[in-house]
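Participant: This is the structure I want to talk about, given as structure tokens.
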Amino acid sequence: MDDQRLTAKPVADSALTLTQFMQPEHSNSLGTVHGGVVLKLCDECAGIVARRHARRPTVTVTVDSVTFHRPVLVGQLLLVHGAITYVGTTSMEVELRVETENLLTGEIVHTNSAYFVYVALDDDLRPTPVPPLDLLTEEERRKFEAGRQRQQARLARRA
Ligand SMILES: CC(C)(COP(=O)(O)OP(=O)(O)OC[C@H]1O[C@@H](n2cnc3c(N)ncnc32)[C@H](O)[C@@H]1OP(=O)(O)O)[C@@H](O)C(=O)NCCC(=O)NCCS
10 MDDQRLTAKP
20 VADSALTLTQ
30 FMQPEHSNSL
40 GTVHGGVVLK
50 LCDECAGIVA
60 RRHARRPTVT
70 VTVDSVTFHR
80 PVLVGQLLLV
90 HGAITYVGTT
100 SMEVELRVET
110 ENLLTGEIVH
120 TNSAYFVYVA
130 LDDDLRPTPV
140 PPLDLLTEEE
150 RRKFEAGRQR
160 QQARLARRA
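Position in the sequence shown counted from 1, then plus 9, gives you our numbering.
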């Protein structure tokens, strides 16, 4: 095992914002953006965040339920903010916050949030340890504890 790879890392080192302009090809039959397009971008953003933290290939193991509070419209800019909230031994929880930006007015609207959980894999595609989180702020410590409790609940449901 490469010890250097498991040095604690701050949340900010892997955090990412993905942006994509919503085009007609992203719309459903109502003319608003397909929920699957938003979820795919969430998985893409969170997967990059997890890989940046682990510096290993990762797979999605579970996604918590997602509620869309507001529709996303064609012509808006979609912003997907992803950051790690909790790490276990081989798993990482990534929090996503999705917003839209109206490019003409600058108005930012929060449309949904989600939690995706990833597992890092070794060269034989088995779960492998990830670096701990170097928690630098009170908010990061609060989010870590909330993530730990969510993960406990997920594992209890799985059992
Ligand atoms: C992810 C996978 C490798 C885990 O394998 P596994 O045999 O369950 O491995 P383990 O029991 O050792 O669990 C590995 C980690 O996943 C976590 N985990 C497993 N099932 C989970 C679940 N339902 N919810 C949340 N975490 C879970 C475990 O708690 C453990 O985390 P920890 O090491 O931080 O404690 C395996 O389930 C898999 O390959 N799934 C398919 C992934 C995939 O194809 N995703 C979609 C495309 S990317």
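From the three backbone atoms N, C-alpha and C, an ideal C-beta is built for every residue, glycine too.
#1: How close, in whole Å, do the beta carbons of Glu108 and Thr120 come, if the pair is a contact with beta carbons under 8 Å?
#2: Runs of 3 residues minimum, wholly inside the segment 10-45: which ones carry the beta strand (DSSP E) assignment?
#3: Taking the alpha carbon of Gln160 as the point to measure from, which residue in Asp133, Asp143, Asp131 and Phe125 has its own alpha carbon closest?
#4: Return the residue from the list Thr99, Ile57 and Arg157 that minimises the CA-CA distance to Leu130.
#5: DSSP state of Ala55, grouped into three classes?
#6: Does any residue of chain B have a CB that is nearer than 7 Å to the CB of Glu104?
Facilitator: The answer reads as follows:
#1: 7 Å
#2: 25-30
#3: Phe125
#4: Thr99
#5: helix
#6: No chain B is present in this structure, which holds just one protein chain.
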